[in-house]
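Enquirer: Take a look at the following structure, please.
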Amino acid sequence: MTSTSPTWRARLERAGERLEELRRWRVSASELGRGLAFLLGALQVADAVVRRMASGVLPLRAMSLVYTTLLSLAPLLAVSFSVLKAFGVHNQVEPALAGFLAPLGPRGAEIAAQMVEFVDNIRVGVLGALGLLLLLYTVVALIQKVEQAFNAIWQVRRARTLLRRFSDYLSVLLVGPLLVFIALGIIASLTSSSLVQTLTAFLPSELVTLAGRLAPFVLLVAAFTFVYLFVPNTRVRLGPALLGAALAALAWQITGWGFATFVAGSTRYAAIYSGFAILILFLIWLYLSWLILLTGSQIAFYVQNPHFIRAQDEAPAPMGAEAEALALALVYRVGLRHRDGAPPPLVDEIARELGVAGDRLEPILERLEAAEIVVHGGQPEGLMPARDIHRTRLDSVVGALRSYDAAALPGAVADLAGELDRSVEAALGERTVADLVGAEVSPEAGR
């Protein structure tokens, strides 16, 4: 009996180590097989999202967006109402609001009607130029706040340029209401009795009924996918965006059903809070909606960038030889794209190719930009060489990471640091970024 105890203890310890390896993404797909690897990936994405949620980051951003939405709700509805009114379909605003507020029960329709009545009474001509500018600024501030939240999820530190903000935000304000109107029109068409009767003649009635019930869900997935693709200032692949949107839409539907059930049975809250009860419930539903939308984007981020799951347990800032190696690798990737005439890469693309987290490259990128080695530019915008790669020496790349104030160091330490710098310069010699990538482009190409 005693001889078997160490064996079982060793097995338990090994099992614990194995579970830790699984949690930290240290097991390759070849060790598990395709099916188990897929399951492991799904579990680790879920684990990463739950940990992100538990850290309070996503809930805090959702709360912030609730506050901004309250300030911007009337101006946003006014702009949307004006756009739809130009096309003669402004009567679709109330059904859209009523659909969003459906979990609030009958009071949701009342709130939607009151909002539309309030917006309809807004007279833009009375506002004047300053009032109109403040109205538009409030709406733009909401869109910008949403972009900042999504950029934070996608580890993007550089926001859109002023010109891109103007064009993109204007597109959202003009096209967004029309897309909502088109979606409502599609739902109305799919649920119309004439269309149902026509389809029933060719298809089973159960299939037609199922299609009618799935139509709102499919359109919700399409709307979430559009948001995940468009809002972050980075390139989001369709597959991860679609998966995140589908899960978020499913969570939104389930949460809406649960919230409606809660509202229907919350008569005691109405007795306590009186007329404020519906306002409190509205704020809670608004918070849950933003939280679900952000969570779907977080899922899409981890699906597209699985190395970030592992990076949560790593030190965020590389140092020493690792930082220098990553700087050379980053410059190599940028120079390679420049040599081949390909679109300039984004930081997260390079991070994905190197298998590191994008935020670990950001401090290195800041040093390289300060040394005028790389710069943001191009169309589409990405990382480009700041000057001719034939004249950008590799020792300057390493030197950008080794900069320090020699005057603040003791004399002996400063001398030793100088010897190290000279040894690096001697090792790299006259080699340039062009030598590193084997470039055969003309020296004028990088000017």
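So the sequence shown is numbered by this note's numbering: it starts at 183 and just counts up by one. Even glycine gets a Cβ: it sits at the ideal position worked out from N, Cα and C. Keep in mind the model is a prediction, meaning the values are calculated, not measured.
Evaluate contact between the region 566 to 576 and the region 532 to 547, counting only Cβ atoms and requiring at least three cross-stretch pairs below 8 Å.
Expert: No, because fewer than three Cβ pairs between the region 566 to 576 and the region 532 to 547 fall closer than 8 Å, the two stretches do not touch.
Enquirer: Note down the Cα distance separating L543 from R340, rounded to an integer number of angstroms.
Expert: What you label residue 543 is simply residue 361 of the sequence shown in a count that begins at 1. What you label residue 340 is simply residue 158 of the sequence shown in a count that begins at 1. Cα to Cα, L543 sits roughly 13 Å from R340.
Enquirer: With respect to the beta strand (DSSP E) encompassing V418, which residues constitute its N-terminal and C-terminal limits?
Expert: Taking the first residue of the sequence shown as position 1, residue 418 is located at position 236. Per DSSP, V418 lies in no beta strand (DSSP E) segment and is marked neither H nor E.
Enquirer: Can you tell me which of the three DSSP states H558 falls into?
Expert: Start at 1 with the first residue of the sequence shown, and residue 558 comes out as number 376. If DSSP states are grouped into helix, strand and coil, H558 belongs with the strands.
Enquirer: Mapping the DSSP letters down to three states, classify P257 as helix, strand or coil.
Expert: As a working note, residue 257 is residue 75 in the sequence shown. Residue state, collapsed to three classes: helix.
Enquirer: When DSSP builds the beta bridges, which residues end up paired with M245?
Expert: As a first step, residue 245 must be located in the sequence shown, where it is residue number 63. Paired residue(s): none; M245 is not in a bridge.
Enquirer: If you reduce the DSSP assignment to three classes, tell me which class R534 lands in.
Expert: Within the sequence shown, the letter at position 352 stands for residue 534. Correct three-state label for R534: helix.
Enquirer: According to DSSP, simplified to helix, strand and coil, what is L402?
Expert: Your numbering for residue 402 matches position 220 in the sequence shown. In the three-state reduction of the DSSP assignment, L402 falls in the helix class, which pools H, G and I.
Enquirer: First and last residue of the beta strand (DSSP E) that includes L470?
Expert: By 1-based counting over the sequence shown, the position of residue 470 is 288. Here L470 belongs to no beta strand (DSSP E); instead the alpha helix (DSSP H) covers A459 to Q486.
Enquirer: Can you grab the Cα-Cα spacing for the pair D617 / R417, in whole Å?
Expert: Residue mapping note: residue 617 aligns to position 435 of the sequence shown, counting from 1. Residue mapping note: residue 417 aligns to position 235 of the sequence shown, counting from 1. Each residue's alpha carbon lies about 30 Å from the other.
Enquirer: Could you tell me if Q486 is buried or exposed, where buried requires 16 or more neighbouring beta carbons within 10 angstroms of its beta carbon?
Expert: Taking the sequence shown and counting its residues from 1, the one referred to as residue 486 is at position 304. With 16 or more other Cβ atoms within 10 Å, it is buried.
Enquirer: Provide the residue(s) that pair with T614 in DSSP beta bridges, ordered along the chain.
Expert: Walking along the sequence shown from the start, residue 614 turns up at place 432. According to DSSP, T614 bridges with R575.
Enquirer: Assuming contact is defined by CB atoms lying nearer than 7 Å, are V321 and P257 in contact in what I supplied?
Expert: The residue labelled residue 321 in the question sits at position 139 within the sequence shown. The residue labelled residue 257 in the question sits at position 75 within the sequence shown. Result yes, Cβ atoms of V321 and P257 sit closer than 7 Å.
Enquirer: Count the CB pairs spanning the region 408 to 424 and the region 322 to 336 that are closer than 8 Å, and state whether there are at least three.
Expert: Taking a cut-off of 8 Å for Cβ pairs, the region 408 to 424 and the region 322 to 336 touch, as three or more such pairs fall below it.
Enquirer: With 16 as the cutoff for other CB atoms within 10 Å, does F458 come out buried or exposed?
Expert: Here the question's residue 458 lines up with position 276 in the sequence shown. In summary, F458 is exposed, with fewer than 16 beta-carbon neighbours lying within 10 Å of its beta-carbon over all protein chains present.
Enquirer: What does the alpha-carbon distance come out to for the pair G478 and S605?
Expert: By 1-based counting over the sequence shown, the position of residue 478 is 296. By 1-based counting over the sequence shown, the position of residue 605 is 423. Near 50 Å, if we compare the C-alpha coordinates of S605 and G478.
Enquirer: If we ignore side chains and look at the alpha-carbon of each, how far apart do A230 and W434 end up?
Expert: Counted from its first residue, the sequence shown places residue 230 at position 48. Counted from its first residue, the sequence shown places residue 434 at position 252. Going by the C-alpha atoms only, they are around 20 Å apart.
Enquirer: Could you name the residues of the same chain whose beta carbon sits closer than 7 Å to that of F399, not counting the 5 residues immediately before and after it, in chain order?
Expert: Residue 399 sits at position 217 when you count from the first residue of the sequence shown. Excluding residues within five positions, the ones whose Cβ falls inside 7 Å are A431 and Q435.
Enquirer: Check whether the Cβ atoms of A428 and Y410 sit closer than 7 Å, and answer yes or no.
Expert: Along the sequence shown, one-based indexing puts residue 428 at 246. Along the sequence shown, one-based indexing puts residue 410 at 228. Contact flag unset, no.
Enquirer: Is P545 helix, strand or coil when you go by DSSP?
Expert: Here residue 545 refers to the residue found at position 363 of the sequence shown. If DSSP states are grouped into helix, strand and coil, P545 belongs with the helices.
Enquirer: Going by DSSP, what residues sit across from P567 in a beta bridge?
Expert: On the sequence shown, residue 567 is found 385 positions in, with the first residue counted as 1. DSSP lists V556 as partners of P567.
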